[in-house]
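The structure appears below as structure tokens.
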Amino acid sequence: MRRLIIFMIFFCLLFDFGFSGEFDPAAEQKGSFAVKNDNAEILNWADSFYDYLPGKNVDEIWKNPLNALGKASGEVSDIVCLGDGGEITLGFYPPVKNRPGFDFAVFENSFSDRFLELARVFVSTNGTDFIGFDTFSNTLNPVSTYGTVNPEDIKNFAGKYRRGYGTCFDLDELRENQMVVSGKVDLNEINFIKIKDVIGSGEETDSRGNPIFDPYPTFGSGGFDLDGACSLDGLLISQDEEDSDEDGIEYSGEGFGNEGGCFITIIF
Ligand SMILES: [Ca+2]
Ligand SMILES: [Ca+2]
Ligand SMILES: [Ca+2]
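Here our numbering = 1-based position in the sequence shown + 2.
Structure, rendered in structure tokens:
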């Protein structure tokens, strides 16, 4: 009987971590696109903010937008909380440009590789006309307050990685957007980046029409916690990293299973 139980535990661990999702894995894992906050390709950090519109479930102490300016520190409290469905716009000078590879990155404050509070990202040249990135979420079921999201199931959401590591975005993905074609948005002069919390209850859908789930409901510092955002000097991902998907056994020691009850006293 004991052997059977050990086998079942092993099987469950293998099932949880052993198969690759559709997208790149957690920070510092082989093939991850996460960018560390001290990466040499970082050019400049957001230096102004506009239109901070917090959603529900945010305590007053987490409503300081200045915490989103300058270098993302990786400290859990150095954030501005967006709350459920809340948003903020960050300003960049010099502006973000569409260089080869990734062009900017957004940092959240997650304490783990799998407690992931997500946000959509939009860019603008004039501060009025914003266009968003296509988003992809393969998380099949609702995620509880202290539940988890597999980073390999999501793409183009800020908040994909743990604190200290940013989610990278490539402006080139937007080149066929009508606003770009018409000239309202210039991908070589992105002065503003808007970050908007995903409520995560499943009421919002991704670009393929699938419901988006992330931990819900959350309280105190509900929803996305923004540490900072930076422009990148065209951070390129090597071919080796892009081709590394076949190795699905590796997982981060900081990750944990589907219901992280051991972290239940932490609210971030
Ligand atoms: Ca680019
Ligand atoms: Ca939060
Ligand atoms: Ca910060």
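Backbone N, C-alpha and C fix where the C-beta goes; we use that ideal spot for every residue, glycine too. Bear in mind the structure is a predicted one, so any value in this text is a computation, not a measurement.
Assigned secondary structure, residue i (DSSP; H/G/I helix, E/B strand, else coil)
i, result
"Glu205", "strand"
"Glu89", "strand"
"Glu243", "Residue confidence is low: Glu243 scores 48 on pLDDT, short of 50, so the model does not pin down where it sits. No coordinate-derived value is stated."
"Glu248", "Residue confidence for Glu248 is low, a pLDDT of 38 falling below 50, so the modelled location carries little weight; the figure read from the coordinates is stated next. Glu248 falls in the helix class under three-state DSSP."
"Pro97", "strand"
"Leu189", "coil"
"Pro1", "Given that the chain is displayed from residue 3 to residue 270, the structure contains no residue 1 and the question cannot be resolved."
"Pro213", "strand"
"Phe17", "Confidence in Phe17 is poor, its pLDDT being 44 and thus under 50, which makes the residue's placement too unreliable to answer from."
"Ile7", "Here Ile7 scores only 47 on pLDDT, less than 50, and its place in the model should not be relied on; the value that follows carries that caveat. Helix."
"Phe270", "Since pLDDT at Phe270 reaches only 38, below the 50 mark, its modelled position is unreliable, and the value read off the structure follows with that caveat. In the structure shown, Phe270 sits in coil (DSSP, three-state: anything other than H, G, I, E or B)."
Identity of the residues DSSP links to residue i by a beta bridge
i, result
"Ala121", "Ala160, Asp199"
"Glu110", "Leu228"
"Leu55", "Glu89"
"Leu142", "Bridge partners of Leu142: none, in fact."
"Asn46", "Ser233"
"Lys38", "Tyr167"
"Val151", "In DSSP, Val151 forms no bridge with anything."
Closer than 6 angstroms: residue i CB and nearest ligand 1 heavy atom
i, result
"Asp188", "no"
"Leu173", "yes"
"Val122", "Checking the sequence shown, residue 122 turns out to be Arg, not Val. Flag unset: Cβ of Arg122 not near ligand 1."
"Asn59", "no"
"Asn100", "yes"
"Asp105", "yes"
Where the beta strand (DSSP E) through residue i begins and ends
i, result
"Val182", "Premise fails: Val182 lies in the alpha helix (DSSP H), 180–183, not in any beta strand (DSSP E)."
"Gly168", "167–171"
"Phe272", "A query on residue 272 cannot be resolved here, the shown segment of the chain reaching from 3 to 270 and no further."
beta-carbon residue i near ligand 2 non-hydrogen atom, thresh 6 angstroms
i, result
"Ser112", "no"
"Thr220", "yes"
Discussion item. Residues around ligand 3, please: the ones whose beta-carbon is closer than 6 angstroms to some heavy atom of it, in chain order.
Written reply: Result: Asn69, Ala70, Ala74, Ser75, Asp80, Ile81, Asp229, Gly230.
Worksheet item: Hey, which residues come within less than 5 angstroms of ligand 2, measuring from Cβ to any heavy atom, in chain order?
Response: The set, ordered by position in the chain, is Glu119, Ser223, Asp227.
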